[in-house]
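Chains as they are written, first to last, in the numbering used here: chain A, 1186 to 1554; chain B, 4 to 343.
Take a look at the structure set out below.
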């Protein structure tokens, strides 16, 4: 009996390695993939599914794909024909914006990119000024750059806008405008003044109650008929206003959700300090409420970004519309799939980065309650 | 080319809100602003779509270019507004565009209740059939017992049913929701025949694995006359668009093309040539245009045959046969009223 196990004084037992079957790769596999007969079956089934799906996708998109060339004859048609994307790349990015004026869009991209980087880098000083510049100065610069007809820049009419550029214009205008309008509407809806509240409720419920496609359709088909003869708003402006109002109604409800989550004590505490309504909102309530609803806000942004593709039905060629249009060219018929895959990839990049940034923001602003 | 009744009703209702349709004066307006605003499609192969450089091409586009050549003397002075099927009529009614040239079928309701005028027909479309070449079928009358791939719930399906029943032939419909599904099913051999509008048939054919192994049968079983449209109530502008189209047809009928137009203008003794090209008389004045209106059209855009061959003809990817769109002298339907 004495040789069965050596006795140790409490606290003196040497550290032994854990059983080999519970650590390392083998342990992980046993624990996660092969822990029961059912999991054995599931694991093999999943491997089979991956085997069926992934190799054909890889061979279509990469291995058998054609990358260089200028016409459809350069494509073997076995795999994807990325030549199609290459030939139409300028159209997919900028629409029919004149070649000689493309630098204007690129310049705006650069300004936007540099200022956004400055905003996103945590250690950068003067953030407030960059923010003010982006919100108030940049839109004016971008407007004159894109439209032109001033400062010696030739006019580029909006029917020539298109591709990813148009998608970004619609999405960014919608996103930037919807937050402030949405906050005001949310405050209005919770206001104790009956007229203000009624107006805000009506506005929100009206715009939230109709599909975006209806809003766009009304703005492009019905609205011009109600205008007096000769008064014609630009189609893009009509669509932009529609998207803005639509998304701000959604945003208002998201913000209201945050407002409702703030305990009454916060309001009372702020009032006890003698803060006015606006100061209370700006300094105490909104910072907490907005932080709470970051996932909801970003969700709305992502939804809006993807909804911009609906402008296709009013004859504007956004990123997706341009891909479809390119595939109707008689020299490039039958390449719609490549276009769709490319556009899906583009949208994924934008939406995924928005989502990652929001997660980063949540972590940064997390104060532990 | 099929439009839901509700949209037409909606548009018709909308028209009633408009106090007065855009009045006369489109010509002065166009001359003042210096370009023709032309409503086109969102991409129909061979009819209107932009190339890699963003220039619009197609036979519908050529009509607009012809109008610009006649009115402004420069076929390049056109601005294009891409329109969806639903908004095209509003865009015209509200004055956003001057001409709608967007493979639009001429029907009674559109011509009357919507407050529009059709200025002619630049392409006679119609429903047709495509089969595999190796079946050796030469005519749709040999299709008895065939299985036919078709879009569900369209007039295409109804036209096909009428055709087979009218000729007391059996057939087996194989229906799908979307055009791409129909093409894929036909390509994989799930049916013997594929039917839709002929111009679309030609375009869809390019999507097949081996386009050369298929033929489009000559029969057309429905009427889809496509043509340019203008607003009701501006007769002068209607005349201009109408006769621009006729000038292209007349030029082809009498052998005037963009290549020989200068030689014909200076050398021809044929009075028809002289009248058309403005050497004799001044027909343009009646339209409110200059003497050389038709010369500019032919010189810069070409005659109807040239436009057809360039955009949809047998040598292009779309590869439509001339068929019913041949000149009346060659047994087709294209018939220009005399330019005199």
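Think of the CB as a built atom: it goes at the ideal place given N, C-alpha and C, for glycine as much as any other residue.
Predicted model only: the values in this text are computed from it and were never measured.
Proximity winner among the options, relative to residue i (alpha-carbon distances)
| i | options | result |
| --- | --- | --- |
| residue 214 of chain B | B:126, B:288, B:235, B:191 | B:191 |
| residue 297 of chain B | B:174, B:108, B:280 | B:280 |
| residue 1449 of chain A | A:1430, A:1437, A:1473 | A:1473 |
| residue 1243 of chain A | A:1263, A:1224, A:1231, A:1254 | A:1263 |
| residue 1504 of chain A | A:1407, A:1279, A:1408 | A:1279 |
| residue 1257 of chain A | A:1547, A:1545, A:1518 | A:1518 |
| residue 1350 of chain A | A:1546, A:1532, A:1549 | A:1532 |
| residue 161 of chain B | B:173, B:224, B:201, B:144 | B:224 |
| residue 1324 of chain A | A:1417, A:1220, A:1458, A:1293 | A:1293 |
Pairwise C-alpha distance: residue j and residue i
| i | j | result |
| --- | --- | --- |
| residue 1470 of chain A | residue 1291 of chain A | 39 Å |
| residue 302 of chain B | residue 260 of chain B | 7 Å |
| residue 233 of chain B | residue 120 of chain B | 5 Å |
| residue 188 of chain B | residue 132 of chain B | 15 Å |
| residue 24 of chain B | residue 1478 of chain A | Legend: pLDDT at residue 24 of chain B = 44, less than 50; position of this residue unreliable, no value from coordinates given. |
| residue 193 of chain B | residue 152 of chain B | 8 Å |
| residue 141 of chain B | residue 326 of chain B | 15 Å |
| residue 277 of chain B | residue 95 of chain B | 35 Å |
| residue 54 of chain B | residue 1356 of chain A | 27 Å |
| residue 31 of chain B | residue 241 of chain B | 13 Å |
| residue 1455 of chain A | residue 1467 of chain A | 11 Å |
| residue 1465 of chain A | residue 1393 of chain A | 28 Å |
| residue 1551 of chain A | residue 1443 of chain A | 15 Å |
| residue 83 of chain B | residue 1384 of chain A | 41 Å |
| residue 272 of chain B | residue 59 of chain B | 37 Å |
| residue 1224 of chain A | residue 1238 of chain A | 21 Å |
| residue 1266 of chain A | residue 1476 of chain A | 45 Å |
| residue 1541 of chain A | residue 1527 of chain A | 21 Å |
| residue 1327 of chain A | residue 184 of chain B | 43 Å |
| residue 320 of chain B | residue 206 of chain B | 8 Å |
| residue 1354 of chain A | residue 1421 of chain A | 10 Å |
| residue 167 of chain B | residue 1345 of chain A | 47 Å |
| residue 1232 of chain A | residue 1226 of chain A | 10 Å |
| residue 1305 of chain A | residue 1548 of chain A | 14 Å |
Opposing strand residues paired with residue i [DSSP bridges]
| i | result |
| --- | --- |
| residue 1346 of chain A | A:1280 |
| residue 1387 of chain A | According to DSSP, residue 1387 of chain A bridges with nothing at all. |
| residue 217 of chain B | B:135 |
| residue 1338 of chain A | A:1335 |
| residue 149 of chain B | B:174 |
| residue 1318 of chain A | DSSP lists no partner for residue 1318 of chain A. |
| residue 51 of chain B | B:47 |
| residue 234 of chain B | B:119 |
| residue 59 of chain B | B:53 |
| residue 197 of chain B | B:133, B:152 |
| residue 41 of chain B | B:83, B:102 |
Residue j beta carbon less than 8 Å from that of residue i
| i | j | result |
| --- | --- | --- |
| residue 104 of chain B | residue 43 of chain B | yes |
| residue 74 of chain B | residue 34 of chain B | yes |
| residue 231 of chain B | residue 122 of chain B | yes |
| residue 1510 of chain A | residue 1520 of chain A | no |
| residue 335 of chain B | residue 255 of chain B | no |
| residue 1535 of chain A | residue 1490 of chain A | yes |
| residue 1498 of chain A | residue 51 of chain B | no |
| residue 1359 of chain A | residue 1429 of chain A | yes |
| residue 1424 of chain A | residue 1404 of chain A | yes |
| residue 77 of chain B | residue 71 of chain B | yes |
| residue 342 of chain B | residue 249 of chain B | yes |
| residue 1397 of chain A | residue 1492 of chain A | yes |
| residue 49 of chain B | residue 314 of chain B | yes |
| residue 1440 of chain A | residue 1347 of chain A | no |
| residue 1438 of chain A | residue 1389 of chain A | yes |
Proximity test, residue i beta-carbon vs the ligand GTP heavy atom, cut-off 7 Å
| i | result |
| --- | --- |
| residue 30 of chain B | This structure lacks the ligand GTP; in fact it carries no ligand of any kind. |
Per-residue contacts from residue i into chain C (C-beta, under 8 Å)
| i | result |
| --- | --- |
| residue 210 of chain B | Reference to chain C is not applicable here, since the protein chains of this structure are A and B. |
Using a Cβ cut-off of 8 Å, which residues of the segment 79-108 of chain B contact any Cβ in chain A, in chain order?
-> Residues are counted here when their Cβ sits less than 8 Å from a Cβ of chain A; for the segment 79-108 of chain B these are 82, 83, 84, 85, 86, 87, 89, 90, 93, 94, 96, 97, 98, 99, given in chain order.
Any residues in the segment 326-338 of chain B with a beta carbon nearer than 7 Å to a beta carbon of chain A? Which ones, in chain order?
-> The segment 326-338 of chain B vs chain A, Cβ under 7 Å: nothing.
Which residues, in order along the segment 34-67 of chain B, keep a beta-carbon less than 7 Å from a beta-carbon of chain A?
-> Among the residues of the segment 34-67 of chain B, those with a Cβ less than 7 Å away from any Cβ of chain A are 45, 46, 47, 48, 49, 52, 53, 54, 55, 57, in the order of the chain.
Output, in sequence order along the chain, the residues in the segment 1493-1508 of chain A whose CB is closer than 9 Å to any CB in chain B.
-> The segment 1493-1508 of chain A vs chain B, Cβ under 9 Å: 1497, 1498, 1499, 1500, 1501, 1502, 1506.
Members of the segment 307-325 of chain B near chain A, C-beta cut-off 7 Å | Listed by position along the chain: 319, 320, 321.
Using a beta-carbon distance cut-off of less than 7 Å, what residues from the segment 1272-1305 of chain A approach chain B?
-> In summary, the residues of the segment 1272-1305 of chain A whose CB is separated from some CB of chain B by less than 7 Å are 1272, 1273, 1276, 1281, in the order they occur in the chain.
Below 8 Å between beta carbons is the criterion; list the residues of the segment 1399-1412 of chain A that meet it against any residue of chain B, in chain order.
-> For chain B, the residues of the segment 1399-1412 of chain A that bring a beta carbon within less than 8 Å of one of its beta carbons are 1402, 1405, 1406, 1407, 1409, 1410, 1411, 1412, in chain order.
According to a CB-to-CB cut-off of less than 7 Å, which residues of the segment 1343-1374 of chain A neighbour chain B?
-> Cβ contacts with chain B come from 1344.
Anything in the segment 1421-1433 of chain A with a Cβ closer than 7 Å to a Cβ of chain B? List those residues in chain order, please.
-> Going along the segment 1421-1433 of chain A in chain order, one finds no residue with a Cβ nearer than 7 Å to chain B.
With 7 Å as the C-beta to C-beta threshold (strictly closer), list the residues of the segment 1515-1544 of chain A near chain B in chain order.
-> Answer in chain order: 1515, 1516, 1518, 1519.
According to a CB-to-CB cut-off of less than 7 Å, which residues of the segment 191-223 of chain B neighbour chain A?
-> Per Cβ criterion, the list reads 206, 209, 210.
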